[in-house]
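Engineer: Which chain is which? The protein sequence lines are A and B, in order.
For the first sequence, counting from 1, position 257 maps to 401 in my numbering; every step adds exactly one.
For the second sequence, counting from 1, position 384 maps to 528 in my numbering; every step adds exactly one.
Below you will find the structure I want to go over with you.
2 protein chains.
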Amino acid sequence: MSTSVAPNLVYAVSEQRQWDRLMELAQIGAITGADGSPGVNRACLTPGDRQARRLMIRWATDLGLTVSVDELGNLFLRHEGTEAGAAPVLTGSHMDTQPNGGRFDGIWGVVAGLEAVQAIREAGIATTRPIEVVAWTNEEGGRFAPGCMGSMAWAHHSPPNTWDGVTDPDGVTFRAALDEHLREEADLPRRDLGAHRPFAYVEAHIEQGPVLETEAKDIGVVTGIQGSRWFVVEIRGETAHAGTSPVSLRRDAVQDFIRAATALNALMSDPNDVLRFTIGRVEVLPGSSNTVADVVRFTIDFRHPDKEMLLTNGDAIENTIRTAVKNCDVTISERFHALPAAFDPLVMDAVEDAARSQGLSSARIPSGAFHDAQFVVPICPTGMIFVPSRKGISHNPAEYTEASQLANGARVLAATLVTLAGR
Amino acid sequence: MSTSVAPNLVYAVSEQRQWDRLMELAQIGAITGADGSPGVNRACLTPGDRQARRLMIRWATDLGLTVSVDELGNLFLRHEGTEAGAAPVLTGSHMDTQPNGGRFDGIWGVVAGLEAVQAIREAGIATTRPIEVVAWTNEEGGRFAPGCMGSMAWAHHSPPNTWDGVTDPDGVTFRAALDEHLREEADLPRRDLGAHRPFAYVEAHIEQGPVLETEAKDIGVVTGIQGSRWFVVEIRGETAHAGTSPVSLRRDAVQDFIRAATALNALMSDPNDVLRFTIGRVEVLPGSSNTVADVVRFTIDFRHPDKEMLLTNGDAIENTIRTAVKNCDVTISERFHALPAAFDPLVMDAVEDAARSQGLSSARIPSGAFHDAQFVVPICPTGMIFVPSRKGISHNPAEYTEASQLANGARVLAATLVTLAGR
Numbered sequence: 145m146s147t148s149v150a151p152n153l154v155y156a157v158s159e160q161r162q163w164d165r166l167m168e169l170a171q172i173g174a175i176t177g178a179d180g181s182p183g184v185n186r187a188c189l190t191p192g193d194r195q196a197r198r199l200m201i202r203w204a205t206d207l208g209l210t211v212s213v214d215e216l217g218n219l220f221l222r223h224e225g226t227e228a229g230a231a232p233v234l235t236g237s238h239m240d241t242q243p244n245g246g247r248f249d250g251i252w253g254v255v256a257g258l259e260a261v262q263a264i265r266e267a268g269i270a271t272t273r274p275i276e277v278v279a280w281t282n283e284e285g286g287r288f289a290p291g292c293m294g295s296m297a298w299a300h301h302s303p304p305n306t307w308d309g310v311t312d313p314d315g316v317t318f319r320a321a322l323d324e325h326l327r328e329e330a331d332l333p334r335r336d337l338g339a340h341r342p343f344a345y346v347e348a349h350i351e352q353g354p355v356l357e358t359e360a361k362d363i364g365v366v367t368g369i370q371g372s373r374w375f376v377v378e379i380r381g382e383t384a385h386a387g388t389s390p391v392s393l394r395r396d397a398v399q400d401f402i403r404a405a406t407a408l409n410a411l412m413s414d415p416n417d418v419l420r421f422t423i424g425r426v427e428v429l430p431g432s433s434n435t436v437a438d439v440v441r442f443t444i445d446f447r448h449p450d451k452e453m454l455l456t457n458g459d460a461i462e463n464t465i466r467t468a469v470k471n472c473d474v475t476i477s478e479r480f481h482a483l484p485a486a487f488d489p490l491v492m493d494a495v496e497d498a499a500r501s502q503g504l505s506s507a508r509i510p511s512g513a514f515h516d517a518q519f520v521v522p523i524c525p526t527g528m529i530f531v532p533s534r535k536g537i538s539h540n541p542a543e544y545t546e547a548s549q550l551a552n553g554a555r556v557l558a559a560t561l562v563t564l565a566g567r
Numbered sequence: 145m146s147t148s149v150a151p152n153l154v155y156a157v158s159e160q161r162q163w164d165r166l167m168e169l170a171q172i173g174a175i176t177g178a179d180g181s182p183g184v185n186r187a188c189l190t191p192g193d194r195q196a197r198r199l200m201i202r203w204a205t206d207l208g209l210t211v212s213v214d215e216l217g218n219l220f221l222r223h224e225g226t227e228a229g230a231a232p233v234l235t236g237s238h239m240d241t242q243p244n245g246g247r248f249d250g251i252w253g254v255v256a257g258l259e260a261v262q263a264i265r266e267a268g269i270a271t272t273r274p275i276e277v278v279a280w281t282n283e284e285g286g287r288f289a290p291g292c293m294g295s296m297a298w299a300h301h302s303p304p305n306t307w308d309g310v311t312d313p314d315g316v317t318f319r320a321a322l323d324e325h326l327r328e329e330a331d332l333p334r335r336d337l338g339a340h341r342p343f344a345y346v347e348a349h350i351e352q353g354p355v356l357e358t359e360a361k362d363i364g365v366v367t368g369i370q371g372s373r374w375f376v377v378e379i380r381g382e383t384a385h386a387g388t389s390p391v392s393l394r395r396d397a398v399q400d401f402i403r404a405a406t407a408l409n410a411l412m413s414d415p416n417d418v419l420r421f422t423i424g425r426v427e428v429l430p431g432s433s434n435t436v437a438d439v440v441r442f443t444i445d446f447r448h449p450d451k452e453m454l455l456t457n458g459d460a461i462e463n464t465i466r467t468a469v470k471n472c473d474v475t476i477s478e479r480f481h482a483l484p485a486a487f488d489p490l491v492m493d494a495v496e497d498a499a500r501s502q503g504l505s506s507a508r509i510p511s512g513a514f515h516d517a518q519f520v521v522p523i524c525p526t527g528m529i530f531v532p533s534r535k536g537i538s539h540n541p542a543e544y545t546e547a548s549q550l551a552n553g554a555r556v557l558a559a560t561l562v563t564l565a566g567r
């Protein structure tokens, strides 16, 4: 199989069909955003989730794919290859959304996988390896935290019963919701968790950031998922009367917060604009205009694709804050620590070649957000394809990618799958 | 009348009697603070307020003082002078408290006035001028905002019906509460609002700040009440995903808040530590750890005893913020603007002499907090006497001043009244 793509494969991808499927799926759990944008609220393992899966299954079976579900509810739609017993190429993403979510995050990766496979079949291309389209269970973590349970269990990152006791806001356990879900899908063939170790995995996803739009690129060749470290900091001083208390005698938590934030900004300064540093939550107590604040609690979200940088700068946070703070006490705790995941050149090169051969512009970029692909990395060569997100907006009904941009992504995915499934 | 005080006046002031009166009054509306300290919640124009006034009136009439009430409910307890028709020297403070208040703020100034007059009488000192002890209505503004209604109306700063429609948290209007109050005190003689324009006014009060304690001074000779300007600032940017959004493309309201606060700190830097600059309330929205914040609202409380400084620096706030903020929109509104009030050398010198002649240390300090004395300034020579506040704590049950420190204050007040009432 050559890396140059037969024109009929490119033309076999239907921009309209893919868009129509996305819009039909977006009716299930449809909501309207604050700005009037049509969004989706479709939590995992709900009737809406199942309704969307049934629709996907119908399209897949109409096409001749075979369906199976594993014990975590991960859904697989299989296109057979020509070589018996060959490890499949896996593609897909997730179908659940954030509570105030958009119409493209996750679901497009599953729909694009189906579109790519359909185009491959309609173009009459026989692949050596099977291709499987997967819909991972509970990527978002909005109903049951954390996210990525389906891919984590599949990849043996965590035992499948790890989250049995996790409850949703109504007190329903993950175990109970999953059991009900599997009963509702008892008519579908079951497969072992982690069966069919794939030859490679490639996930299509909207970027959820503004880089491709800003750089006017059609396709993001994703180099990996950056590492993250999350901290919670509490600065504790003493209240005082804003009129009577001399500034030199105060233990003002807001002023020490400003000192800490300024020092952290210096530590996290990055002329290459790769590092992500965010103080997103700040609480100030008692919150009275004429009282010096005694408590400031704030969060740090620090991400970087380079492991060394993540460890060096992350480890420097505590000392940076302690050195900066002048009058108050400080407690710092790390709440989350995930090392970067690097994608495989086999997949990155295949995506880049596919884009180039179709005359599409591309850029190698790291992913700022988490994805199921992160957990597939230890299992097989893994990569992702990004398409632009308008204004970088995601996790919001205003999330948008044009039909033509999504079609570009599906075409690149189709060609990538042909390449990988031909190896 | 000489400025050296007869020893019998100093000894006539009773530390124990004054303390016992304060403790008896503190039973009316007694509460317990978070740290177990005994505090007081006694809002103005409530049954508790009237009960405390009746107790004060009983002590005053037992002593031979005459009682009258004006149409704002301000209570006057009069000691006659030897010269018919001479303008009285006025002293006093307020009897209402903050909801979570202490046992000394306000009430001590009234009790000290009574103690001083009692000592003058018991020492057999005849003053040329009358001395009146006043309890101003609603200084705190906790039940009906703003505070200082009684002194403002008395001083013709505002017409007496200005606050008729102001309601308390239960929807009761100030007019209704005042009418009920005046009915309950209908047995007391009425006087015209603003009758008896005084020769001078001196108010004793706890410092409510840490300066006297820190400098180990017995008495504060208050030079005036600093001016205040209050602002509310809103910084408005755009939310973004903390993982995917490059820092260079963000409109991060927290980062612009840090820029604004840093620039304001530079503007408000004062090596003399006289200026008071406080950012006491900061709200950050949406307040999610992995979302770039789009809104920060914060307050500025800026105070200074010097009018020029208050105007110059206060007027520079808006431009300072606008210059500092980089990526967001800003709205700034001024919510309160009060010029400094300067006290009169006649009163300041009398207080300072009284302290010196009694062997007490004193310091000239401005008042950081508001007081009724502020509104008396345009009417007659005005001043205040401060005693130390432990750790500067006030508006809190933990507010504390030792009985001996309060006795020092009452002795200085007695001598000051003798001096002023002899002129």
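Idealized CB from N, CA, C, for every residue including glycine.
Kindly list, in the order they appear in chain B, the residues whose Cβ is closer than 7 Å to that of V211 (chain A).
Structural biologist: Looking up residue 211 (chain A) in the first sequence gives position 67. Those within 7 Å of V211 (chain A) in chain B number zero; the least Cβ separation is about 33 Å.
Engineer: Got a sec: is the Cβ-Cβ distance from H448 (chain A) to anything in chain E below 8 Å?
Structural biologist: Absent here is chain E; the protein component of the structure consists of chains A and B.
Engineer: Would you say P243 (chain B) reaches chain A, if we count a Cβ-Cβ gap shorter than 8 Å as a contact?
Structural biologist: Counting from one through the second sequence, the residue named residue 243 (chain B) turns up at place 99. P243 (chain B) does not count as touching chain A.
Engineer: What residue from A:A279, A:D336, A:A344, A:I363 has the CA that sits closest to A196 (chain A)'s CA?
Structural biologist: Within the first sequence, residue 196 (chain A) is the residue found at index 52, counting from 1. Closest by alpha carbon: A:A279.
Engineer: Assess contact between the region 386-401 of chain B and the region 340-356 of chain A, defined as three or more Cβ pairs (one per stretch) separated by less than 8 Å. Is contact present?
Structural biologist: The region 386-401 of chain B, when compared against the region 340-356 of chain A, does touch it at the 8 Å Cβ threshold.
Engineer: Would you say V154 (chain B) faces chain A, with C-beta separation under 8 Å as the test?
Structural biologist: Taking the second sequence and counting its residues from 1, one reaches residue 154 (chain B) at position 10. No - not a single Cβ of chain A is within 8 Å of the one on V154 (chain B).
Engineer: Measure the Cβ-Cβ separation of R508 (chain A) and E328 (chain A) and say whether it is below 8 Å.
Structural biologist: For the purposes of this step, residue 508 (chain A) is taken as residue 364 along the first sequence, with counting starting at 1. For the purposes of this step, residue 328 (chain A) is taken as residue 184 along the first sequence, with counting starting at 1. Not a contact, by the Cβ cut-off of 8 Å.
Engineer: Exposed or buried, K361 (chain A), counting other C-beta atoms within 10 Å across all chains shown (16 or more means buried)?
Structural biologist: By one-based count along the first sequence, residue 361 (chain A) stands at place 217. The residue is buried, with at least 16 neighbouring Cβ atoms inside 10 Å.
Engineer: Taking Cβ-Cβ distances shorter than 8 Å, what residues in chain B pair up with W252 (chain A)?
Structural biologist: Against the first sequence, residue 252 (chain A) aligns to sequence position 108. Those within 8 Å of W252 (chain A) in chain B number zero; the least Cβ separation is about 16 Å.
Engineer: Chain A partners of V255 (chain B), CB-CB under 9 Å?
Structural biologist: Within the second sequence, numbered from 1, the residue matching residue 255 (chain B) stands at position 111. By Cβ distance, chain A contributes nothing, its closest Cβ being about 21 Å from V255 (chain B), past 9 Å.
Engineer: When burial is assigned at 16 or more other CB atoms within 10 Å of the CB, is M200 (chain B) buried or exposed?
Structural biologist: To locate residue 200 (chain B), count along the second sequence from 1; it is residue 56. Label assigned to M200 (chain B): buried.
Engineer: Considering H325 (chain B), what are the terminal residues of the alpha helix (DSSP H) in which it resides?
Structural biologist: Here residue 325 (chain B) refers to the residue found at position 181 of the second sequence. Start and end: 318-328.
Engineer: Any C-beta of chain B sitting closer than 8 Å to the C-beta of R420 (chain A)?
Structural biologist: Translated into the one-based positions of the first sequence, residue 420 (chain A) becomes position 276. Yes, contact with chain B.
Engineer: Within 10 Å of its beta-carbon, does G364 (chain A) have 16 or more other beta-carbons around it, so buried, or fewer, so exposed?
Structural biologist: Here residue 364 (chain A) refers to the residue found at position 220 when the first sequence is read from its first residue. Buried: at least 16 other Cβ atoms inside 10 Å.
Engineer: Would you check if the region 546-561 of chain A and the region 507-524 of chain A touch, i.e. whether three or more CB-CB distances between them fall below 8 Å?
Structural biologist: The region 507-524 of chain A is not in contact with the region 546-561 of chain A.
Engineer: Measuring only between beta-carbons, confirm whether N434 (chain A) sits less than 8 Å from chain B.
Structural biologist: Locating residue 434 (chain A) in the first sequence gives position 290, where the first residue counts as 1. So yes, N434 (chain A) belongs to the interface.
Engineer: Please list the partners that H515 (chain B) has in chain A, where partner means a Cβ-to-Cβ separation under 9 Å.
Structural biologist: Taking the second sequence and counting its residues from 1, one reaches residue 515 (chain B) at position 371. Those within 9 Å of H515 (chain B) in chain A number zero; the least Cβ separation is about 11 Å.
Engineer: Just reading off the beta strand (DSSP E) that S533 (chain B) is part of, what are its end residues?
Structural biologist: Locating residue 533 (chain B) in the second sequence gives position 389, counting from the first residue. Taken as a continuous stretch (DSSP letters only), S533 (chain B) belongs to no beta strand (DSSP E), as it is neither H nor E.
Engineer: Can you find a C-beta in chain A that's less than 8 Å from the C-beta of R425 (chain B)?
Structural biologist: Numbered from its first residue, the second sequence carries residue 425 (chain B) at position 281. Yes, its Cβ sits closer than 8 Å to a Cβ of chain A.
Engineer: For the alpha helix (DSSP H) containing E462 (chain A), list its first residue and its last residue.
Structural biologist: For the purposes of this step, residue 462 (chain A) is taken as the residue at position 318 of the first sequence. Unbroken alpha helix (DSSP H) run through E462 (chain A): 451-468.
Engineer: Hey, could you find the ends of the beta strand (DSSP E) S511 (chain B) is sitting in?
Structural biologist: Here residue 511 (chain B) is taken as the residue at index 367 of the second sequence, counted from 1. Residues 506-511.
Engineer: How should E283 (chain A) be labelled, buried or exposed, when 16 other C-beta atoms within 10 angstroms of its C-beta is the threshold for buried?
Structural biologist: Start at 1 with the first residue of the first sequence, and residue 283 (chain A) comes out as number 139. Buried: at least 16 other Cβ atoms inside 10 Å.
Engineer: For R579 (chain A), which residues of its own chain have a beta-carbon under 8 Å away from its beta-carbon, when the five flanking residues on both sides are left out?
Structural biologist: Past the boundaries of the shown model lies residue 579 (chain A); chain A is included only from 145 to 567, so the question cannot be answered.
Engineer: Checking contacts by CB at 8 Å: is A482 (chain B) closer than that to chain A?
Structural biologist: Locating residue 482 (chain B) in the second sequence gives position 338, where the first residue counts as 1. Not an interface residue.
Engineer: Compare the beta carbon distance of G338 (chain A) and W307 (chain A) with 8 Å and say whether it is the shorter of the two.
Structural biologist: Here the question's residue 338 (chain A) lines up with position 194 in the first sequence. Here the question's residue 307 (chain A) lines up with position 163 in the first sequence. Taking 8 Å as the Cβ cut-off, G338 (chain A) and W307 (chain A) do not qualify as a contacting pair.
Engineer: Along chain B, in chain order, which residues have C-beta atoms closer than 7 Å to that of L393 (chain A)?
Structural biologist: Working through the first sequence from its first residue, we reach residue 393 (chain A) at position 249. The contacting residues are P354, T358.
Engineer: So what's E159 (chain A) in DSSP terms, helix, strand or just coil?
Structural biologist: Stepping through the first sequence from its first residue, residue 159 (chain A) is reached at position 15. E159 (chain A): helix per DSSP, three-state reduction.
Engineer: Does any residue of chain B have a CB that is nearer than 8 Å to the CB of I402 (chain A)?
Structural biologist: Here the question's residue 402 (chain A) lines up with position 258 in the first sequence. Yes, contact with chain B.
Engineer: Round the Cβ separation of T235 (chain A) and G250 (chain A) to the nearest angstrom and send it over; I've been treating them as touching at under 8 Å.
Structural biologist: Looking up residue 235 (chain A) in the first sequence gives position 91. Looking up residue 250 (chain A) in the first sequence gives position 106. Not really, about 13 Å apart at Cβ, beyond 8 Å.
Engineer: Determine, using beta-carbon pairs with one atom in the region 377-384 of chain A and one in the region 393-404 of chain A, whether at least three such pairs fall under 8 Å.
Structural biologist: Counting Cβ pairs under 8 Å, three or more are found: they touch.
Engineer: Of the residues B:G527, B:D240, B:Q502, which one's Cα is nearest the Cα of T281 (chain B)?
Structural biologist: For the purposes of this step, residue 281 (chain B) is taken as residue 137 along the second sequence, with counting starting at 1. Considering only alpha carbons, the answer is B:D240.
Engineer: When DSSP builds the beta bridges, which residues end up paired with S477 (chain A)?
Structural biologist: In the first sequence, residue 477 (chain A) corresponds to position 333, counting from 1. S477 (chain A) pairs with A:V376.
Engineer: Roughly how many angstroms separate the alpha carbons of F442 (chain A) and E427 (chain B), rounded to a whole number?
Structural biologist: What you label residue 442 (chain A) is simply residue 298 of the first sequence in a count that begins at 1. What you label residue 427 (chain B) is simply residue 283 of the second sequence in a count that begins at 1. Cα to Cα, the separation comes out at about 12 Å.
Engineer: So which of A:A187, A:N185, A:L219, A:I175 has the shortest CA-CA distance to R198 (chain A)?
Structural biologist: The sequence position of residue 198 (chain A) within the first sequence is 54, counting from 1. If we check each option's Cα against that of R198 (chain A), A:L219 comes out closest.
Engineer: Taking the alpha carbon of R534 (chain A) as the point to measure from, which residue in A:G245, A:Y544, A:P525 has its own alpha carbon closest?
Structural biologist: For the purposes of this step, residue 534 (chain A) is taken as the residue at position 390 of the first sequence. When only C-alpha atoms are compared, the closest one is A:Y544.
Engineer: Where DSSP assigns a beta bridge to A485 (chain B), which residues make up the other side?
Structural biologist: Sequence index remark: in the second sequence, residue 485 (chain B) carries index 341 (1-based). Partner(s): B:I369.
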